[in-house]
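Notes to accompany the following structure.
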Amino acid sequence: MKATITHIKADIGSLPGHTTVYGPVVEAVRKYVKEKGESLLSDFHISYVGDDIQITMVHNKGVDCPEIHELAWNAFKSGTDLARKVGLYGAGQDLLKDSFSGNIKGMGPGIAEMEITPRKSEPFIVYMMDKTEPGAFNYPIFKMFADPYNTPGLVIDSNMHDGFIFEIWDIVEAKRIFLSAPEHMYDILGMIGSKGRYVIKRVHTKPNHEKLPDENVAVITTDKLSFIAGEYVGKDDPAGIVRIQSGLPASGEAMEAFSHPYLVSGWMRGSFNGPLMPVAMKDAKMTRFDGPPRVVGLGFVLKDGKLAGPVDMFDDPAFDGARRTAVKVVDYLRRMGPFEPHRVPEEDMEYTTLPRVLEKYKGQFEAVPDIQKKKKEVKLSTKDVD
Ligand code: 13P
Ligand code: 13P
Ligand code: MG
Ligand code: MG
Numbered sequence: 015m016k017a018t019i020t021h022i023k024a025d026i027g028s029l030p031g032h033t034t035v036y037g038p039v040v041e042a043v044r045k046y047v048k049e050k051g052e053s054l055l056s057d058f059h060i061s062y063v064g065d066d067i068q069i070t071m072v073h074n075k076g077v078d079c080p081e082i083h084e085l086a087w088n089a090f091k092s093g094t095d096l097a098r099k100v101g102l103y104g105a106g107q108d109l110l111k112d113s114f115s116g117n118i119k120g121m122g123p124g125i126a127e128m129e130i131t132p133r134k135s136e137p138f139i140v141y142m143m144d145k146t147e148p149g150a151f152n153y154p155i156f157k158m159f160a161d162p163y164n165t166p167g168l169v170i171d172s173n174m175h176d177g178f179i180f181e182i183w184d185i186v187e188a189k190r191i192f193l194s195a196p197e198h199m200y201d202i203l204g205m206i207g208s209k210g211r212y213v214i215k216r217v218h219t220k221p222n223h224e225k226l227p228d229e230n231v232a233v234i235t236t237d238k239l240s241f242i243a244g245e246y247v248g249k250d251d252p253a254g255i256v257r258i259q260s261g262l263p264a265s266g267e268a269m270e271a272f273s274h275p276y277l278v279s280g281w282m283r284g285s286f287n288g289p290l291m292p293v294a295m296k297d298a299k300m301t302r303f304d305g306p307p308r309v310v311g312l313g314f315v316l317k318d319g320k321l322a323g324p325v326d327m328f329d330d331p332a333f334d335g336a337r338r339t340a341v342k343v344v345d346y347l348r349r350m351g352p353f354e355p356h357r358v359p360e361e362d363m364e365y366t367t368l369p370r371v372l373e374k375y376k377g378q379f380e381a382v383p384d385i386q387k388k389k390k391e392v393k394l395s396t397k398d399v400d
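By this note's numbering, the letter at position 186 of the sequence shown is numbered 200, and the numbering carries on one by one without gaps.
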């Protein structure tokens, strides 16, 4: 019997700025899902990171089920009513459409869901990030499912030895490709290193996987708010579900992928790069320069449609080192102020308000007569050096 895990998240208002959620609004969302989801869901869990409320749902209706999507949409709507009443900042921020139209995709909230064949024990971790973008999952997901230095199971567990299939989406061209690791590892890296464009959407097992053939084992939200709204309206803070153990990365291998606070985009006004800091729920609020970007991990097991857990996975002093490094990197980067590469490159600023600020100078630029010539000179002198 199949089961579906659907994770839908949205920022529907925060306080005092984009710092964190407001308890009563989280409760309003929980109450709505509990009451209206009674006949639809076998279980659910509500959580948050930073200013994003996260709904994890379990049911047997498959992916893209309109009733499930609508339940989450309406739960966020009901939370938004309260957020407006108390004057939360950015109330309803991620609800970009007026009414629900069958599928929550393209309406603002982020969605990650997978239909699975549950194992005897079905452990999984939900990772939730704030102040970053979907491509922030590229690095850790690659490490979990393709890097033997992170995941020795790829080397020493015969069930993992053949590797995994990565489903990569080009979110600019709206196209996707399936590539296998380890065979196409370097090509995968060639793409996903460009994390603003190529994002890992899913990981699948190969057809010859002994315990779990042809299964979806990881899924990430890939919704880009700015592509929907046409301008910057808040970040596409992502979430992902990763199944673990018995022929998949062990819990600790999945967690280890976050032990280095790698740089991600999407901090402060969606316009800055910063380290991704792994934190416990108690630290899931964004105060310094609206960050730094953070990730929370909640561990569950699923049995007969019911969830046990969660375990607050980064609530562990073993991640203190990663957190300290992250703070050091923050201190270092912040001294750069508005300069790249702390600020994201110009092309990524096109959806922000910067073009509006610089608009007035558009007609004032004059041609520089010998700029072409200079380029040629550079080329020649390089040749000379050769
Ligand atoms: P399983 O293969 O049973 O998942 O065990 C591996 C493991 O957890 C070792 O850390
Ligand atoms: P959120 O996308 O988390 O709302 O953050 C917006 C922002 O610009 C913070 O500086
Ligand atoms: Mg916000
Ligand atoms: Mg957010």
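Glycine residues also receive a C-beta, built at the ideal position from the N, C-alpha and C atoms.
- [ ] Mark LYS397 as exposed unless 16 or more other C-beta atoms lie within 10 angstroms of its C-beta, in which case mark it buried.
- [x] For LYS397, the pLDDT reaches just 46, beneath the cut-off of 50, and the residue's location in the model is therefore unreliable, although a value from the coordinates is still provided. Classification for LYS397: exposed.
TODO: Whole angstroms is fine: what's the gap from SER395's alpha carbon to PHE151's?
DONE: Because the pLDDT at SER395 is just 47, under 50, the model does not fix this residue reliably, and the value given afterwards should be weighed accordingly. Each residue's Cα considered, the two are about 41 Å apart.
Task: the stretch 82-97 in contact with the stretch 311-324 per 3-pair CB rule at 8 Å - done: no
Open item on the list: What does the Cβ neighbour count give for VAL382, buried or exposed, with the cut at 16 atoms within 10 Å?
Closed with: exposed
- [ ] Name the residue from PRO148, GLY76 and LYS238 whose alpha carbon lies nearest to the alpha carbon of MET121.
- [x] Considering only alpha carbons, the answer is LYS238.
Open item on the list: Using 8 Å as the threshold, is the C-beta distance between ASP65 and HIS32 below it?
Closed with: Closer than 8 Å, so yes.
Open item on the list: Looking only at its chain, what residues have a beta carbon closer than 6 Å to the beta carbon of ARG98, apart from the 5 residues adjacent to it on each side?
Closed with: ALA105
TODO: Return the first residue and the last residue of the beta strand (DSSP E) that ASP329 is part of.
DONE: Here ASP329 belongs to no beta strand (DSSP E), and DSSP marks it neither H nor E.
Open item on the list: Rounded to whole angstroms, what is the Cα-Cα separation between LEU347 and ILE185?
Closed with: 28 Å
Task: Endpoints, the beta strand (DSSP E) within which ASN287 is located - done: 286-289
- [ ] Going by CA-CA distance only, name the one from PRO38, ASP108, LEU54 and ARG190 that's closest to LYS23.
- [x] ASP108
- [ ] Scan the stretch 31-74 and note each continuous alpha helix (DSSP H) run of 4 residues or more that stays entirely inside, going in chain order.
- [x] 37-50
TODO: Compute the distance between the beta-carbons of GLY305 and GLY288, then report whether it is under 8 Å.
DONE: Cβ atoms of GLY305 and GLY288: closer than 8 Å.
Open item on the list: Just to confirm the assignment, what range does the alpha helix (DSSP H) spanning LYS99 have?
Closed with: 80-99
Open item on the list: Using DSSP's beta-bridge definition, name the partner residues of LEU312.
Closed with: VAL140 and ASP326
Task: Start-to-end residues for the beta strand (DSSP E) that takes in VAL371 - done: For VAL371, there is no enclosing beta strand (DSSP E); the enclosing alpha helix (DSSP H) has its first and last residue at 368-372.
TODO: Tell me where the beta strand (DSSP E) around VAL169 begins and ends.
DONE: No beta strand (DSSP E) holds VAL169; the alpha helix (DSSP H) holding it covers 167-170.
Open item on the list: What does DSSP give as the partner residue(s) for GLY305 in the beta ladder?
Closed with: When beta bridges are read from the DSSP output, GLY305 appears opposite ARG302.
Task: Neighbourhood of PRO137 by C-beta distance below 6 Å, restricted to the same chain and skipping five residues each side - done: ILE258, GLN259 and VAL315.
TODO: May I ask you to list the residues that DSSP assigns as paired with ALA294?
DONE: None, per the DSSP bridge assignment.
Open item on the list: Please state the DSSP three-state secondary structure of ALA24.
Closed with: strand
TODO: With hydrogens ignored, establish whether the beta-carbon of GLY305 is closer than 7 Å to any heavy atom of ligand 5.
DONE: Of the ligands this structure carries, namely ligand 1, ligand 2, ligand 3 and ligand 4, none is ligand 5.
Open item on the list: For a test of the three-state rule: what should DSSP assign to GLY116, helix, strand or coil?
Closed with: coil
- [ ] Using the Cα positions of PHE353 and TYR36, report the straight-line distance between them to the nearest angstrom.
- [x] 33 Å
- [ ] Could you tell me whether the stretch 353-364 touches the stretch 295-303, where touching means 3 or more Cβ pairs closer than 8 Å?
- [x] Judged by Cβ distances under 8 Å, the stretch 353-364 makes no contact with the stretch 295-303, as fewer than three pairs qualify.
Open item on the list: Among ILE60, GLN68 and SER56, whose alpha-carbon lies nearest the alpha-carbon of LYS75?
Closed with: SER56
Open item on the list: Quick check on GLN378: buried or exposed, where buried means 16 or more other Cβ atoms within 10 Å of its Cβ?
Closed with: The residue in question, GLN378, is exposed, as its Cβ has fewer than 16 Cβ neighbours within 10 Å.
Task: Reference HIS223; option with closest CA among ASP176, TYR212 and MET269 - done: The shortest Cα separation from HIS223 among ASP176, TYR212 and MET269 belongs to ASP176.
Open item on the list: Let's see if you can read the secondary structure: which residues bound the alpha helix (DSSP H) around ASN152?
Closed with: 152-160
- [ ] Specify, as a first and last residue, the run of the beta strand (DSSP E) that TYR212 falls within.
- [x] 212-219
- [ ] Can you have a look at GLU81 and say buried or exposed, based on whether 16 or more other CB atoms are within 10 angstroms of its CB?
- [x] exposed
TODO: Compute the Euclidean distance between the alpha carbons of THR219 and LYS209, then round it to the nearest angstrom.
DONE: Roughly 23 Å separates the two Cα atoms.
- [ ] May I ask whether a heavy atom of ligand 3 can be found less than 7 Å away from the beta carbon of HIS32?
- [x] yes
Task: Candidates GLU267, THR236 and TYR163, of which the one nearest ALA253 by Cα - done: THR236
Open item on the list: Counting C-beta neighbours from all protein chains within 10 Å, is the total for ASP144 16 or more, i.e. buried, or is it exposed?
Closed with: buried
- [ ] Just the C-alpha distance for PHE333 and VAL309, rounded to the nearest angstrom, thanks.
- [x] 12 Å
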